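Student: The structure is given below, and queries will be raised subsequently.
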Amino acid sequence: MTDNKLVSSGVHVTQGRGTALGQLRWPGPRSWKREATFLVAILMGLTAGYFTVSHFASQAAQDLADRCTARFEIELENADIDSLTRALPRSLCECLANSLLDKNGIARMAMVNWRLLDPLALEPVTEKDEDSCINALWVPSVELAKRLSL
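Per the UniProt record's numbering: the sequence shown ends with 150, consecutive numbering throughout.
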């Protein structure tokens with residue numbers, strides 16, 4: 001179907017249907033709003049994914065710290081050492097869990113929590129990391145050193 005129009009100078013102009021529909025689909029503010037909405041949706045999806053992964057990674061590190069603390073307290077009870085502060089094993093294990101998280105990243109720790117990655121595939125904590133955690137938490141005390149050496 002064509003539209004015939006008489007222009008002011010007396011010339012007939014014919015416009016095809018396809019051209020008219022092309023002008024109706026002109027990318028204007030409506031298309032910009034749609035693209036902006038799409039980009040905001042992608043951004044929100046990525047943000048939600050990041051927070052989900054970080055939640056599961058922190059949960060894996062917390063589980064690791066809990067198990068480490070329980071094992072460390074059992075070893076201290078079996079060693080017949082006078083009662084140390086209750087916060088020491090927990091703080092030491094949290095420091096080690098954080099160093100493991102720093103070495104492997106949140107994505108790999110979250111995959112361990114989801115059972116998508118074997119825990120043995122993680123890069124282990126080295127003795128240097130252990131020493132730095134102990135040095136950060138341990139306050140040198142001559143009294144305590146005498147008790148432990150006896």
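For each residue, glycine too, the CB sits at the ideal point set by N, CA and C. These numbers were taken from a predicted model, which means no experiment stands behind them.
Is any non-hydrogen atom of the ligand PLP found closer than 7 Å to the C-beta of Arg67, if you look at the structure I gave you?
Tutor: Ligands are entirely absent from the displayed structure, and the ligand PLP is therefore not among its contents.
Student: Rounded to whole angstroms, what's the CA-CA distance from Glu130 to Glu35? Just pull it up for me.
Tutor: Near 50 Å, if we compare the C-alpha coordinates of Glu35 and Glu130.
Student: Beta carbon of Leu64, beta carbon of Ala97: below 8 Å?
Tutor: It is a contact, given that the beta carbons lie within the stated cut-off.
Student: State buried or exposed for Thr69, treating a residue as buried only when at least 16 other CB atoms are found within 10 Å of its CB.
Tutor: It is buried - the Cβ of Thr69 has at least 16 other Cβ atoms within 10 Å.
Student: Leu137 and Leu76 look like a contact to me (Cβ under 8 Å); what is the Cβ gap, rounded to whole Å?
Tutor: Contact doesn't hold; Cβ gap of about 15 Å is too wide.
Student: Counting only the same chain and skipping the five closest in sequence on each side, list residues whose C-beta sits under 6 Å from that of Ala60.
Tutor: Answer for Ala60: Met109, Val112 and Asn113, listed in chain order.
Student: Considering only residues of the same chain and omitting the five flanking positions on each side of Asn104, which have a CB-CB separation below 8 Å?
Tutor: Counting only Cβ-Cβ distances below 8 Å, and skipping sequence neighbours, we find Leu122 and Glu123.
Student: Straight-line CA distance for Lys128 to Lys33?
Tutor: Rounded to the nearest angstrom, the two C-alpha atoms are 54 Å apart.
Student: Compute the distance between the beta-carbons of Val125 and Leu101, then report whether it is under 8 Å.
Tutor: No, these two residues do not count as a Cβ contact at 8 Å.
Student: When the Cα atoms are used, what is the spatial distance from Phe72 to Asp66?
Tutor: For Phe72 and Asp66, the distance between alpha carbons rounds to 10 Å.
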